[in-house]
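Here's the structure, in structure tokens; my notes come after.
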Ligand SMILES: Nc1nc2c(ncn2[C@@H]2O[C@H](COP(=O)(O)OP(=O)(O)OP(=O)(O)O)[C@@H](O)[C@H]2O)c(=O)[nH]1
Ligand SMILES: Nc1nc2c(ncn2[C@@H]2O[C@H](COP(=O)(O)OP(=O)(O)OP(=O)(O)O)[C@@H](O)[C@H]2O)c(=O)[nH]1
Ligand SMILES: [K+]
Ligand SMILES: [Mg+2]
Ligand SMILES: [Mg+2]
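Chains as they are written, first to last, in this note's numbering: chain A, 0 to 296; chain B, 964 to 1243.
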């Protein structure tokens, strides 16, 4: 991940640094290459556009071009803007509410919600000694509830017993009840995958959210996502109070554009990166490290 | 002479629309250049512009639109279904099985994904709903073994189509790709023509990485055709245009929902129209 974006930007930066003097035209040419590099990495077009505009303005507006090392300064401007785009701080889960703290997972079909639910549960149990209950509200996908139950056994975390025929809001109510009565610290709600344009399922998600009043609502996004990331992120952001994003499949070889777009579009921090199918494949998302990797530092 | 051309503003709009449809900057620029050279087009308004672009894209896609036919002899025709995690393989198998059943073929499924939690359970439920036989081993079992047994059984019982589910894997995972190559070899042991089809399932929400998926899966497993899922959302699946130019692999069908009826033949003009619909 990120290697080829890093190489492309490295080429552009190399050319800039190598020059003594820079004209406005040189900067604009370099920014055209930055634009293409970002688009090839699947950064969302509106994000690319505002990024390139902002950086171009800074680079030609100030006294950059008249300075002794204009190339260096332009590179620095790009670096700073990229780092800012990713957000600077790592963002932990905020579960400081009266228990049980509810974590609700939402996202498109197949993005990795169920797997990530189990990964986070495992992390909370092992690292923070929390007593965690998981419940699947997925009544759509065949064997979805069974999938979470199997994962629960693998990591020794309890799952809400399955009652066939119960609907998502009812399951959420039952899960809350069980979590309260049995003294759980955290209740994780895995939901069915849904398209952001499927209003019926978006309504269902809102109803569950009102019922469960989650401390964290995490949008699970596949890091292989292309330009559709904008639509998805906007619609989910509009319809449910998101607190953060999880990027899955960061173990792939995608160029990582979704990572760059997500923060810009949702305005929410990326909290975790999924790095494998196995249940220990979860890392805190560290924006400064990612920026460093993209920029080859 | 006053032959009509598209102006720069039109071309800019086209290029941006193609990029937001996931054609990628290079492919978008290529189509832009082609349209810029044409002296026989001009657009009065967005609708006309969409038509011009749709025609250009359809011309790229038409040669690869090709249904998945059942014509293997001897039977069964073995269809291996592969792809990255969560792309829609298992659901697509249910859809294909339903399609073949409607064409009066006898279908059998085999649960080659023994890794993902409840993957076997998921395929079993589909088999039950379809009313087709399924071969499945234990979770965590050996997938090469179970698919071998399935070919044997399907051959012995006169099944027309055997569809093989596999675990999702990212194409940069060497070990998992080797395992896939092994599954493919094992399928060919009883009948060297098997698998007759190796279908790569792509998720329409995926961006430019889909091209790398095609490259690597093709090299490792000899992909013979593509299915693109999740076109019922706002993703346009524009990578197929670049893929069609680069690989010329058949595109068999598209997925437009989560039920077994939600499979449609790949229609080049329809997809081209959807992509061009991004022009604002
Ligand atoms: N390589 C890799 N695979 C992952 C990761 N996260 C999830 N997966 C895989 O992606 C596939 C889909 O994951 P699920 O957790 O079932 O996704 P989901 O969002 O719950 O899917 P639906 O409930 O059908 O919407 C599975 O094969 C997982 O093993 C990750 O970080 N890396
Ligand atoms: N909206 C929509 N959802 C789909 C489509 N095809 C599959 N899905 C959903 O996408 C999710 C993943 O589908 P699966 O068939 O389990 O994907 P898979 O490739 O077998 O996943 P793994 O085995 O975990 O790698 C499920 O929730 C499906 O219902 C489609 O065409 N449209
Ligand atoms: K996906
Ligand atoms: Mg799930
Ligand atoms: Mg599957």
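Virtual Cβ for every residue (Gly too), placed ideally from N, Cα, C.
Shorter than 8 Å, the distance from the beta carbon of residue i to the closest heavy atom of ligand 2, or not?
i, result
"residue 139 (chain A)", "yes"
"residue 1194 (chain B)", "yes"
"residue 194 (chain A)", "yes"
"residue 1219 (chain B)", "yes"
May I ask whether a heavy atom of ligand 5 can be found less than 8 Å away from the beta carbon of residue i?
i, result
"residue 1053 (chain B)", "yes"
"residue 93 (chain A)", "no"
"residue 1090 (chain B)", "no"
"residue 1099 (chain B)", "no"
"residue 1003 (chain B)", "no"
"residue 1113 (chain B)", "no"
Taking 8 Å as the line, does the beta carbon of residue i fall inside it for any heavy atom of ligand 4?
i, result
"residue 120 (chain A)", "no"
"residue 165 (chain A)", "no"
"residue 1106 (chain B)", "no"
"residue 1145 (chain B)", "no"
"residue 146 (chain A)", "yes"
"residue 143 (chain A)", "yes"
"residue 1082 (chain B)", "no"
"residue 112 (chain A)", "yes"
"residue 191 (chain A)", "yes"
"residue 260 (chain A)", "no"
Taking residue i and residue j to be in contact with their CB atoms under 8 Å, please state how far apart those CB atoms are, rounded to whole angstroms.
i, j, result
"residue 105 (chain A)", "residue 204 (chain A)", "6 Å"
"residue 1083 (chain B)", "residue 1099 (chain B)", "5 Å"
"residue 1045 (chain B)", "residue 1161 (chain B)", "7 Å"
"residue 1171 (chain B)", "residue 225 (chain A)", "7 Å"
"residue 1144 (chain B)", "residue 1076 (chain B)", "So it is not a contact: roughly 16 Å between Cβ atoms."
"residue 1049 (chain B)", "residue 109 (chain A)", "3 Å"
"residue 1026 (chain B)", "residue 1211 (chain B)", "7 Å"
Spatial neighbours of residue i within its chain, please: C-beta separation below 6 Å, excluding the five flanking residues on both sides.
i, result
"residue 1122 (chain B)", "1039, 1069 and 1071"
"residue 1089 (chain B)", "1057"
"residue 1096 (chain B)", "1071"
"residue 997 (chain B)", "none"
"residue 1195 (chain B)", "1219 and 1220"
"residue 1187 (chain B)", "1160 and 1161"
"residue 51 (chain A)", "30 and 34"
"residue 991 (chain B)", "978, 981 and 982"
"residue 1132 (chain B)", "1139"
"residue 201 (chain A)", "238"
If you count every other CB in all the chains shown that lies within 10 Å of the CB of residue i, and 16 or more means buried, which is it?
i, result
"residue 162 (chain A)", "exposed"
"residue 96 (chain A)", "exposed"
"residue 1019 (chain B)", "buried"
"residue 1169 (chain B)", "buried"
"residue 115 (chain A)", "buried"
"residue 277 (chain A)", "exposed"
"residue 1106 (chain B)", "buried"
"residue 66 (chain A)", "exposed"
"residue 1141 (chain B)", "exposed"
"residue 1013 (chain B)", "buried"
"residue 213 (chain A)", "buried"
"residue 16 (chain A)", "exposed"
"residue 1036 (chain B)", "exposed"
"residue 196 (chain A)", "exposed"
"residue 25 (chain A)", "buried"
"residue 222 (chain A)", "buried"
"residue 1055 (chain B)", "buried"
"residue 72 (chain A)", "buried"
"residue 135 (chain A)", "buried"
Within 9 Å (strictly less), CB to CB, does residue i reach chain C?
i, result
"residue 62 (chain A)", "Chain labels in this structure do not include chain C; the protein chains are A and B."
What does a CB cutoff of less than 8 Å around residue i pick up in its chain, not counting 5 residues either side in sequence?
i, result
"residue 1092 (chain B)", "1057 and 1223"
"residue 1017 (chain B)", "1232, 1235, 1236, 1238 and 1239"
"residue 337 (chain A)", "What is shown of chain A runs 0 to 296, which leaves residue 337 (chain A) out entirely."
"residue 53 (chain A)", "80"
"residue 986 (chain B)", "994, 1201, 1202, 1204, 1205 and 1238"
"residue 124 (chain A)", "130, 131, 154, 155 and 156"
Quick one: residues in its chain with C-beta nearer than 7 Å to the C-beta of residue i, no 5 flanking neighbours on either side, listed in chain order?
i, result
"residue 3 (chain A)", "254"
"residue 27 (chain A)", "55"
"residue 988 (chain B)", "982"
Quick check: does the Cβ of residue i come within less than 8 Å of any heavy atom belonging to ligand 1?
i, result
"residue 108 (chain A)", "yes"
(request) Any chance you could list the alpha helix (DSSP H) runs of at least 4 consecutive residues sitting entirely within the stretch 154–187 of chain A, in chain order? (result) Segments of the alpha helix (DSSP H) lying fully in the stretch 154–187 of chain A: 167–180.
(message) Which runs of the alpha helix (DSSP H) at least 4 residues long sit entirely within the stretch 88–147 of chain A? Give them in chain order.
(response) Runs of alpha helix (DSSP H) with 4 or more residues, each lying fully within the stretch 88–147 of chain A, are found at 112–127, listed in chain order.
(request) Give, in chain order, every unbroken run of the beta strand (DSSP E) that is at least 3 residues long and sits entirely within the stretch 1114–1187 of chain B. (result) Annotation: the stretch 1114–1187 of chain B contains the following complete segments of the beta strand (DSSP E) (minimum length 3 residues), in chain order: 1124–1128 and 1160–1166.
(request) Please specify which runs of the alpha helix (DSSP H), each continuous and at least 4 residues long, are wholly inside the stretch 1043–1109 of chain B, giving them in chain order. (result) Within the stretch 1043–1109 of chain B, the complete alpha helix (DSSP H) segments at least 4 residues long are 1052–1065 and 1082–1093, listed from N- to C-terminus.
(message) Please give the ranges of any beta strand (DSSP E) in the stretch 185–259 of chain A, keeping only runs that are unbroken, at least 3 residues long and fully inside the region.
(response) At a cut-off of 3 residues, the continuous stretches assigned as beta strand (DSSP E) that sit fully inside the stretch 185–259 of chain A are 185–189, 215–221 and 243–247.
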